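Residue numbers for the sequence shown, in this note's numbering: 46 to 479.
Where a beta carbon is used, it is the ideal one built from N, C-alpha and C, also for glycine.
If you're wondering where the values come from, they're calculated on a predicted model, not measured in any experiment.
In what follows, a single structure is set out as structure tokens and then discussed.
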Amino acid sequence: MKLAPRFAVLLAAAAVVAGCAPQTSDNSSSDKDDKSGTLRVWLFQEVGNDPKAKVVDSVVTAFEKAHKGTKADVEYIPIDTRAQRVKAAFNDPKSAPDVMEYGNTDTAGYVKDGGLLDVTKEFGAWSEAKDTDPTAKQSVTVDGKTYGSPFYVGVRALYYRTDVFKDLGLQPPKSMAELAATARKIHKAKSDLYGLVVGGAYTYGAMPFVWANGGELATAKGGSGGSYTSGIDSAAAQKGIKAYTSLFTSDNCPAAKCAVMGGNDTITAFAAGKAGMAIGGDFSHTAVEAGKVKGKYAVVPLPGVASGSVAPAFAGGNNIGVLKSTSHRTLAVDLMEQLTSKATQASMFDAMGFLPTFTDVRDAAAAKVPFEKPFVQTLAAGTKFVPASPGWSEIDSSLVLPTMLQEVISGKKSVAAASGDAAKKMNSAFSSAG
């Protein structure tokens with residue numbers, strides 16, 4: 046998922062898939078636990094899938110050798126049609142795979158629909174699981190139970206033009222206040238460039254500003270799992286919203302052009318040489334390398350409010366889980382673990398650039414590929430995840446947060462009014478989801 050469009054599409058698709066959450070009819074846990082036979086596996090089709098398939102093939106070969114009489118039939122499914130495939134699988138266990146890759150924002154919705162198997166016991170007993178990044182583990186956890194194994198993670202940091210910074214005598218900003226000031230200096234000196242290109246439809250570019258200011262998307266009632274209450278209208282969150290939306294001005298990134306931009310748009314602008322800075326992921330590297338700024342950029346963690354701090358980033362990525370309907374529970378769980386093991390994640394990093402979810406494997410990867418260092422630093426500083434509620438899919442797919450941002454950017458509503466309306470919509474979605 047390192048090719049820039051790939052991960053961005055995944056995140057967008059996660060909303061679509063979850064928004065089309067399947068209503069299950071017969072996906073109860075199978076009474077069978079066959080120790081041989083054929084396991085069906087669904088993995089995502091990547092742009093340039095051959096390196097991924099090669100790693101998977103090696104895992105499958107070893108798995109089949111270790112389990113005589115067992116086959117693993119791997120199918121790579123297109124992301125843009127996965128909603129229909131998953132819905133059909135949850136409704137008809139006969140058509141369902143035993144093991145499946147899925148976007149980590151889909152977990153709560155898939156659990157609510159009864160599609161994923163509770164593997165808490167097996168994951169807890171797995172010796173490698175103890176080194177899983179806490180946020181990655183959170184992405185497979187609902188109501189304290191584990192429903193899969195993290196496959197890889199992706200975060201965003203600050204890309205900046207080294208040539209522009211050198212020309213203007215600038216240093217990478219160390220705080221959000223310096224970030225805004227630096228952006229305006231760039232645009233003032235070079236009016237053909239956005240200082241920091243931002244997007245009104247770029248939810249995960251905006252959220253670090255909310256989190257860095259002490260705000261939260263939502264809080265769990267009782268402290269963990271279950272029902273959520275929106276926190277987007279809190280004083281701290283409003284401060285972060287104001288900090289982000291204040292960048293949509295004529296002296297940085299004009300609202301008329303930037304309010305409609307999404308994450309892909311901002312990276313495209315940076316790669317095309319139209320911006321001094323951009324908030325992009327490790328997965329944006331390929332697109333930037335293919336652009337006009339190749340050899341003229343660097344990356345640092347997105348700064349937080351305090352000088353020298355790192356703003357919390359959204360931890361995106363994918364997981365691999367076992368379907369509740371499997372008739373090969375033991376084998377399926379073992380294959381899930383093999384596909385997400387330390388050895389496999391290290392190979393996937395080498396083949397595809399996927400950032401490992403194991404902290405020790407990730408540190409080794411960063412040491413091997415210097416470009417990854419700021420993203421690993423961002424992960425180490427602490428990341429955030431979306432509420433583990435099936436209601437998140439409705440919030441995401443109905444564009445609650447981009448609408449809020451755009452209402453503020455356009456001047457249609459104040460930060461207080463827009464965030465208050467967004468909070469009401471979020472709470473309605475949480476309530477409907479149960």
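- As computed with DSSP, Arg201 is found in a beta bridge with Gly326.
- DSSP places Glu120 inside the beta strand (DSSP E), whose first and last residues are 115-122.
- Taking a cut-off of 8 Å on C-beta distances, the stretch 213-222 does not touch the stretch 193-200, as fewer than three cross pairs fall below it.
- DSSP lists Asn364 as the bridge partner or partners of Pro195.
- For Glu382, the uninterrupted alpha helix (DSSP H) segment begins and ends at 374-384.
- Only exposed fits Ser295, as fewer than 16 other CB atoms lie within 10 angstroms of its CB.
- CA-to-CA, the gap between Lys116 and Glu109 works out to about 6 Å.
- Residue state for Phe89 is assigned as strand, using DSSP reduced to three classes.
- For Leu241, the enclosing beta strand (DSSP E) stretches over residues 239-242.
- For Thr423, the three-state secondary structure derived from DSSP is helix.
- The closest CA to that of Gly362, considering only Val445, Ala280, Tyr249, Gly436, is found on Tyr249.
- Look at Leu84 here: in three-state DSSP terms it is strand.
- Per the coordinates, the alpha-carbon of Asp379 lies some 57 Å from the alpha-carbon of Ser236.
- In this structure, Pro357 and Lys287 do not form a Cβ contact; the two beta carbons are roughly 18 Å apart against a cut-off of 8 Å.
- Cβ-Cβ distances below 8 Å link Phe210 to Gln216, Pro217, Gly321 in the same chain, with the five nearest sequence neighbours on each side left out; the list follows chain order.
- In the three-state reduction of the DSSP assignment, Ala246 falls in the coil class, being assigned neither a helical nor a strand state.
- Restricting attention to Phe403, His330, Leu347, the CA atom closest to the CA of Asn364 is found in Phe403.
- Of the candidates Ala425, Val92, Ser275, Ser275 places its Cα closest to the Cα of Ser476.
- Fewer than three Cβ pairs drawn from the stretch 455-464 and the stretch 418-432 lie within less than 8 Å of each other, which leaves the two stretches out of contact.
- Annotation: the continuous alpha helix (DSSP H) that includes Ser477 extends over 460-478.
- Straight-line measurement puts the Cα of Cys298 at about 31 Å from the Cα of Leu400.
- For Leu450, the secondary structure class from DSSP, reduced to helix, strand or coil, is helix.
- Using a 10 angstroms sphere on the CB of Gly244, the tally of other CB atoms reaches 16 or more, which defines it as buried.
- Secondary structure note for Ala316: its alpha helix (DSSP H) is the uninterrupted segment 308-316.
- Within the stretch 201-238, the complete beta strand (DSSP E) segments at least 3 residues long are 201-206, listed from N- to C-terminus.
- The C-beta distance from Ala317 to Lys337 rounds to 6 Å, short enough to meet the 8 Å contact threshold.
- For the stretch 108-173, the continuous beta strand (DSSP E) assignments of 3+ residues that do not extend past its boundaries occur at 115-122, 144-148, in sequence order.
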